[in-house]
Amino acid sequence: MAVRLGDEAPDFTADTTDGELRFHEWKGDSWAVLFSHPKDFTPVCTTELGTVAKLKDEFEKRNTKVIGLSVDPIEDHHEWAKDIEETQGAALNFPMIADPDRVVADLYDMIHPNASNTLTVRSVFVIGPDNTVKLTLTYPASTGRNFQELLRVIDSLQLTSERKVATPADWTDGDRAIIVPALSNEDAKELFPQGWEEQKPYLRLVDLNG
Ligand code: BEZ
C-alpha cells in the first residue's frame, strides 16, 4: 500500500552496510531521509550515493539521518561501495539497506510495476521526529535526483513545523516566508512584531530575520 503524507513511516528490521538495524530505533527522534535506488553497479545511482556522502555535514546540520536502499544483496553493496569511493571521491558514510526479498521496498511501495516489476524506482521519504512522513518524491531510474533540492525542502519542512508560515515558490533559507492564511492579522502581530508586506489579505510576506 502507498505510504502517504502524514502516515507513520513503517518500521522494519534490515541488513545494511552498517549491520542489522531496526529503522525506528536507528532513527530515534531525528529527521530521516529514506531513499531507494534501482540497482547496484549502475551509473546514475553511483553518482547519487557519492553526492549524498559529500553532503554529510549538511544533513547533520539539519539533524537528519540518511539511509539508502537497493534490492541487491549486502555483498554487492560492499563491493559497489569501493567503486563509489573510487569514482566519486567520497566513501559511503550512511547505511545502505540490502533488500533482496523486497520487504522494505514493498512496505514503502517502491516498486512501480509499470516502470519495472523487479527494481525499485527512485523514491524519497522525508520522515519527521514524530516518525510521520513529511514528504515523498518519486523519480524514474533514468533521472538522478537533485539533493540540493532535498536540503531546501528539509529546511522548509523544519521551518514550517516550528513557525506559522509556509514557504513560497523557489524559497531558500533566509528568504521571506508566507504567514499562513489561517492566522488572523491580530494574532500575526504577536508572532511577527517586525511586521509584514501584505500583497493580498491572503498573501502576507514576512522577513523572519527582520
Ligand atoms: C542508473 O542508476 O544509472 C540506472 C539504473 C537503472 C536503470 C537505468 C539507470
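For the sequence shown, the UniProt record's numbering begins at 1 and goes up steadily by one. Just so it is clear, CB atoms sit at the ideal spot from N, CA and C, and this is done for glycine as well.
Any heavy atom of the ligand BEZ closer than 7 Å to the beta-carbon of Thr51? no
Would you check whether the ligand BEZ has a heavy atom nearer than 7 Å to the C-beta of Val44? yes
Beta-carbon proximity check, Gly174 vs Val44, cutoff 8 Å: no
Less than 7 Å separating the Cβ of Pro38 from some heavy atom of the ligand BEZ? yes
Closest by C-alpha distance to Ala105, when choosing among Gly19, Gln148 and Val3: Val3
Between His37 and Thr120, is the Cβ-Cβ spacing less than 8 Å? yes
Beta-carbon contacts of Gln88 that lie in its chain and below 6 Å, excluding the five residues immediately before and after: Gly50
Is the Cβ-Cβ distance between Ala98 and Ile74 less than 8 Å? yes
Does Phe119 come out as helix, strand or coil in the three-state DSSP assignment? According to the sequence displayed, residue 119 carries Leu and not Phe. The answer is coil: DSSP assigns Leu119 none of H, G, I, E or B.
Any non-hydrogen atom of the ligand BEZ within 7 Å of Ser123 CB: no
Report yes if the C-beta of Ser142 is less than 7 Å from at least one heavy atom of the ligand BEZ; otherwise report no. yes
Pick from Pro95, Leu183 and Arg204: whose alpha carbon is nearest that of Thr17? Pro95
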